[in-house]
Each structure stands twice: as C-alpha cells, then as structure tokens.
Amino acid sequence: MSTNIFLVAGEASADLAAASLVREVKKLVPGATFYGVGGKRLIEQGMEVVVPAESLNVVGLSDWWDRAKDVLLSYRKILKVIEQRKPDIAVLIDLPDFNLRVAKKLKKLGVPVVYYVSPQLWAWRKNRIKLIKERVDEMLVVFPFEKEIYEKAGISVSFVGHPLVELVQPRRRYRDQAVIEKEPRIALLPGSRKSEIRHHAPILRGLIDLIKKEYPKAQIRVPIANTLSTSWVSEKIGLKPAEVSEDSWETLQWADVAVVASGTATLETALIGTPFCLFYKVSPSSSWLFRNLIKYQGFIGMPNILLGREVVKECFQENASPQKLFSEIKFMINSGLSRLNMASSLLSCRQLLGEKGDQTRAASRVVENLKKSRAISNQGSYGSPRS
Numbered sequence: 010m011s012t013n014i015f016l017v018a019g020e021a022s023a024d025l026a027a028a029s030l031v032r033e034v035k036k037l038v039p040g041a042t043f044y045g046v047g048g049k050r051l052i053e054q055g056m057e058v059v060v061p062a063e064s065l066n067v068v069g070l071s072d073w074w075d076r077a078k079d080v081l082l083s084y085r086k087i088l089k090v091i092e093q094r095k096p097d098i099a100v101l102i103d104l105p106d107f108n109l110r111v112a113k114k115l116k117k118l119g120v121p122v123v124y125y126v127s128p129q130l131w132a133w134r135k136n137r138i139k140l141i142k143e144r145v146d147e148m149l150v151v152f153p154f155e156k157e158i159y160e161k162a163g164i165s166v167s168f169v170g171h172p173l174v175e176l177v178q179p180r181r182r183y184r185d186q187a188v189i190e191k192e193p194r195i196a197l198l199p200g201s202r203k204s205e206i207r208h209h210a211p212i213l214r215g216l217i218d219l220i221k222k223e224y225p226k227a228q229i230r231v232p233i234a235n236t237l238s239t240s241w242v243s244e245k246i247g248l249k250p251a252e253v254s255e256d257s258w259e260t261l262q263w264a265d266v267a268v269v270a271s272g273t274a275t276l277e278t279a280l281i282g283t284p285f286c287l288f289y290k291v292s293p294s295s296s297w298l299f300r301n302l303i304k305y306q307g308f309i310g311m312p313n314i315l316l317g318r319e320v321v322k323e324c325f326q327e328n329a330s331p332q333k334l335f336s337e338i339k340f341m342i343n344s345g346l347s348r349l350n351m352a353s354s355l356l357s358c359r360q361l362l363g364e365k366g367d368q369t370r371a372a373s374r375v376v377e378n379l380k381k382s383r384a385i386s387n388q389g390s391y392g393s394p395r396s
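Heads up: the sequence shown begins at 10 in the numbering used here, then just goes up one per residue.
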C-alpha cells in the first residue's frame, strides 16, 4: 500500500525541521511520498513542493494586506490538491493562522492531522485551543511546558523535544578578551522574511555605522535564510555581498557577540552559546494590536521564556534603535565576565529542551497516527481505505 503524506512547512526554520522529519519517516515507511508546502531542504529530501514556502511568509497586519492575494491563491491551490489527492495523513508545522484553516478541510475529508510545533497559546490568542481540539488528532510540542496546556484541554499531545537540540552544536571555545576588544566579530541576524528585512534594514544600517566608528577593525557578518537573496539583503543593509551568507550556525560559532531578530534564530544562538541582544520592529498597526488588544506583557525571546528571567536584553519597537543596540553590543564586548556568564546561562537552555533524537520521536508519532487511521479505515469508519 502506497503512503502519501501532505506536509506544510511555511518558514525557513520549519523547512529545516521538516527535512529531518521526512528523512526519519522514510526509514519507518519506505517508499512514502511527500507533497505540500516547503523550501529548498524539503526539495532535497524529494518532497514535491506544490506551493513554495516563501509564498506564505507574512508578518503583521501591513504585511498581510500586501500579500493577502498571494496567500489566498496558495490556500486555494492547497485545498484543491488535498481534495484531488486525498493524503493518508497530514503533518502541519507551525504557521497557525494558515495551518488551522487547512486542518479544517483535512478533517472534513477524514485525513488525520498531526500538528508539529505548537502555536504560542501560552502568550496570546489562547482561544485557538478550541480549534485545535476540533481539527487536530495529535499535537507534537517542542517545549516541555506546552504539554500540560494540551493535556488539560483533553487533546492528544506528545512532547518530542526541540529539533534544534539535535541539529545545533554548542561552540567549543571563546576568543581572548584583549583580542575581542580590538577586533570584535559581530553577527547581525535580521530575520528570515523580506518584510522583516524591510523593517530592520534601517536599524542595522545605523548600527553598522556606529560599530565601524567605534571599532574600525570590527568584522561584521549577516547570515540570512536560504529563502532570501544575498544581493538583495546586502543592498538593503549596506554591506558587501561577501559579508552576507546562508551559514547562520557557522557565523554564530565565529562571532563574539550577536544582534538577533526575534524568532527561531534566538534559540539557535542560545544553543550555540553566543552572547547576544534581541531586537524586533513591526509596522505601527501591528505594534498597536500587540500592545492594546493582545496585551502580552511577558518576555519575547524564547531563551528568556525558558530561563524565566531576562538573560538576553530585549529591544522591541522604539527601543530597537541603532543607539540602543550599539550600547548593548559595546557592553558585551567590553565586559568579558558578563559575556561569559550570559553564554553559560544560554547554554543551559539545552537541558530544558529534551534529549537528542527528537525527529525520531516525532516520526514515530506520525507513523502511529497513520497506523491508527488505517486500522479505523479498514473497519469502515472512514469509508474505504486509501491506496
């Protein structure tokens, strides 16, 4: 019996995790075929990409209005493909506003849905848990504190650990303080979406000017997602193309300090153990929504959330200025003890995220749901079995 698996990985980080997941599922189900939404890494694993991941990359209200037509067309195309091909199981990764709508259609067709990487219900829009209960067969969560949320709601859930624990290696050494003060190595991570680059480019341009003025021998590198163009980013930020690359983990291993846009990259930086400060800026409309309707008052960065304290300085919206970020960089460069203490705290995040091999655990849950569905299908609960 052939096995067809529908998968949505609409972010650069999801594409990376999904590629490892696909590799592990294929070990358990030889000959399984995958199709859906993804990027370069999923294509390398042989997945048929019906809709490219970058088609769904939107952040905030203004970005949504600019991209609404593209997202809607992608959504309709996906629904059509699902109806025509009727997958045996679906794996939806993160991207809740999009994926929960897709899950509704899948559920109507009797397709079991495994949702990998939970929406941040603990931070905002907690009512989404009702939709998850209606449309998802099992949640695979990557943070330990998320499991209890779903258990209390009566939703099948497994804590599988975070994929980055296996994929990202901690740095082995730090350079001498005297060398760092003279020739600091600085990584600037602007975000993985074009909209983030547009919001962050003016900030980083100003920051680069301040760094070069204070530290003439400083080396600066900007690692970007593989969905972005190196030449486009270098032009926006004002660096040479050679200073922009896709090697984010290698760059973070190289850097003495970093400035990182909020997102998965903050956890990657923490797991590597590179001291950094966090920043983020959105459109005025999105900022107003976040502050006045969502009213979230907690930490933004996952390292701080995991550790329960502000280990990493968070610079959000008006605080995300070149001057403020430079002040944080300068402090980290000049204070070797503070920098090493931060690195030690960041590396402790690894112990909070579970053991390695999470993709093996995640793959086994996908296959168990597939077997369960087929057993029920053979009993007639979903009609005739798919082939």
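The beta-carbon is built from N, C-alpha and C at its ideal position, and this holds for glycine as well.
Values in this document were obtained by computation on a predicted structure and should not be read as measured data.
Taking the alpha-carbon positions, what's the residue 2 to residue 118 distance? There is no way to answer for residue 2, as the model of the chain reaches only from 10 to 396.
Is residue 188 buried or exposed, if buried means 16 or more other CB atoms sit within 10 Å of its CB? Position 179 of the sequence shown, counting from 1, holds the residue named residue 188. With fewer than 16 other Cβ atoms within 10 Å, it is exposed.
For residue 378, which residues from the same chain have a beta carbon less than 8 Å from its beta carbon, with the 5 sequence-adjacent residues on both sides left out? Within the sequence shown, numbered from 1, the residue matching residue 378 stands at position 369. The answer, listed in chain order, is 98, 121, 123, 146, 147.
I'd like to know whether the C-beta atoms of residue 48 and residue 16 end up nearer to each other than 8 Å. On the sequence shown, residue 48 is found 39 positions in, with the first residue counted as 1. On the sequence shown, residue 16 is found 7 positions in, with the first residue counted as 1. Cβ atoms of residue 48 and residue 16: not closer than 8 Å.
DSSP three-state label for residue 341, please. The residue you call residue 341 lines up with position 332 of the sequence shown. Looking at residue 341 - three-state DSSP - the assignment turns out to be helix.
Looking at the strands, I want to know which residues DSSP matches up with residue 42. In the sequence shown, the residue the question calls residue 42 occupies position 33. 13, per the DSSP bridge assignment.
Can you give the Cα-Cα distance for residue 337 and residue 40, rounded to whole angstroms? Counting from 1 along the sequence shown, the entry for residue 337 is found at position 328. Counting from 1 along the sequence shown, the entry for residue 40 is found at position 31. Those two C-alpha atoms are separated by around 51 Å.
Ends of the alpha helix (DSSP H) at residue 29? Working through the sequence shown from its first residue, we reach residue 29 at position 20. It spans 21-37 - the alpha helix (DSSP H) in which residue 29 sits, taken as one unbroken run.
Length of the line joining the Cα atoms of residue 226 and residue 358: On the sequence shown, residue 226 is found 217 positions in, with the first residue counted as 1. On the sequence shown, residue 358 is found 349 positions in, with the first residue counted as 1. Residue 226 and residue 358: Cα-Cα distance of roughly 32 Å.
Within 10 angstroms of its Cβ, does residue 244 collect 16 or more other Cβ (buried), or is it exposed? In the sequence shown, residue 244 corresponds to position 235, counting from 1. With fewer than 16 Cβ atoms within 10 Å of its Cβ, residue 244 is classed as exposed.
Using three-state DSSP, classify residue 138 as helix, strand or coil. Within the sequence shown, numbered from 1, the residue matching residue 138 stands at position 129. Residue 138 falls in the helix class under three-state DSSP.
Which of helix, strand or coil does DSSP assign to residue 167? Position 158 of the sequence shown, counting from 1, holds the residue named residue 167. Here residue 167 sits in strand by DSSP.
I need the DSSP call for residue 124, collapsed to helix, strand or coil. For this step, residue 124 is matched to residue 115 along the sequence shown. It is a strand residue.
DSSP state of residue 289, grouped into three classes? Residue 289 sits at position 280 when you count from the first residue of the sequence shown. Strand.
My assumption, with CB atoms under 8 Å, is that residue 153 sits in contact with residue 168. Please give the rounded CB distance. Mapped onto the sequence shown, residue 153 falls at position 144. Mapped onto the sequence shown, residue 168 falls at position 159. 6 Å between Cβ atoms; contact.
Between residue 236 and residue 63, what straight-line distance do the alpha-carbon atoms span, to the nearest angstrom? Working through the sequence shown from its first residue, we reach residue 236 at position 227. Working through the sequence shown from its first residue, we reach residue 63 at position 54. Cα to Cα, the separation comes out at about 7 Å.
Give the secondary structure of residue 308 by DSSP, where H, G and I count as helix, E and B as strand, and everything else as coil. Within the sequence shown, the letter at position 299 stands for residue 308. In this structure, residue 308 counts as coil in the three-state DSSP scheme.
Contact between the stretch 304-318 and the stretch 270-287: three or more CB pairs below 8 Å? yes
Would you kindly report the start and end of the unbroken alpha helix (DSSP H) that includes residue 197? Numbered from 1 along the sequence shown, position 188 holds the residue referred to as residue 197. From DSSP, residue 197 is part of no alpha helix (DSSP H) but of the beta strand (DSSP E) over 194-198.
Nearest by alpha-carbon distance to residue 287: which of 265, 100, 311, 281 is it? Position 278 of the sequence shown, counted from the first residue, corresponds to residue 287. Comparing Cα-Cα distances from residue 287 to each of 265, 100, 311, 281, the minimum goes to 311.
Ignoring anything shorter than 3 residues or poking outside the stretch 187-235, list the beta strand (DSSP E) runs there in chain order. 194-198, 228-232
Give me the DSSP bridge partner(s) of residue 270. As a working note, residue 270 is residue 261 in the sequence shown. Residue 270 pairs with 288.
For residue 331, write down the residues that DSSP places opposite it in a beta bridge. The residue given as residue 331 occupies position 322 in the sequence shown. Residue 331 pairs with nothing; no bridge assigned.
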